[in-house]
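A.B. asks:
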Amino acid sequence: MVSEWSFSKHNCMAAPYGRNAMSSTKRITVTEAVWADLSGMKEPGMTFSELIETMIEREKKLRLVEDIRRLQEGEELVEIPLQVFARDGLKD
1 MVSEWSFSKH NCMAAPYGRN AMSSTKRITV TEAVWADLSG MKEPGMTFSE
51 LIETMIEREK KLRLVEDIRR LQEGEELVEI PLQVFARDGL KD
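Position 63 (the sequence shown) corresponds to 63 in full-length UniProt numbering; numbering is contiguous.
1) Using a Cβ-Cβ cut-off of 6 Å (strictly less than) and excluding sequence neighbours within five positions of Tyr17, which residues of its own chain qualify?
2) Could you tell me which of Ser49, Met41, Lys42 sits nearest to Arg27, measuring between CA atoms?
3) Residue range of the beta strand (DSSP E) that residue 135 falls in?
4) So, helix, strand or coil for Val65, using DSSP?
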């Protein structure tokens with residue numbers, strides 16, 4: 001059975017990576033089992049928006065690590081001399 005639950009995105013003082021949270025309400029249709037799992041994953045005082053944001057950031061980091069591993073396994077990496085960065089104003 002699929003139920004419709006409302007997730008509210010609340011304003012917060014400090015959002016990860018300097019993003020500004022905008023107040024709005026969107027509807028996401030989830031099963032009761034998914035709703036129960038999400039509810040169980042929330043920490044006390046955490047909003048569903050904060051939980052989902054945390055899950056998104058973890059997924060992004062996981063995908064980055066997977067991409068790096070795939071590149072390391074399949075391609076020969078080329079070292080870039082630090083002088084190239086120093087010449088462009090980026091020093092080590």
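Beta carbons are placed, not taken as given, at the ideal position from N, Cα and C, and that holds for glycine.
C.D. replies: The answer reads as follows:
1) Along the sequence shown, one-based indexing puts residue 17 at 17. Low per-residue confidence applies at Tyr17: pLDDT is 41, beneath 50, and the placement is therefore not dependable enough to give any value.
2) Here residue 27 corresponds to residue number 27 of the sequence shown, with the count starting at 1. Of the listed residues, the one whose Cα sits closest to Arg27 is Ser49.
3) Because residue 135 is not part of the residues shown, which for the chain are 1 to 92, the question remains open.
4) Along the sequence shown, read from residue 1 onward, the residue named residue 65 stands at position 65. If DSSP states are grouped into helix, strand and coil, Val65 belongs with the helices.
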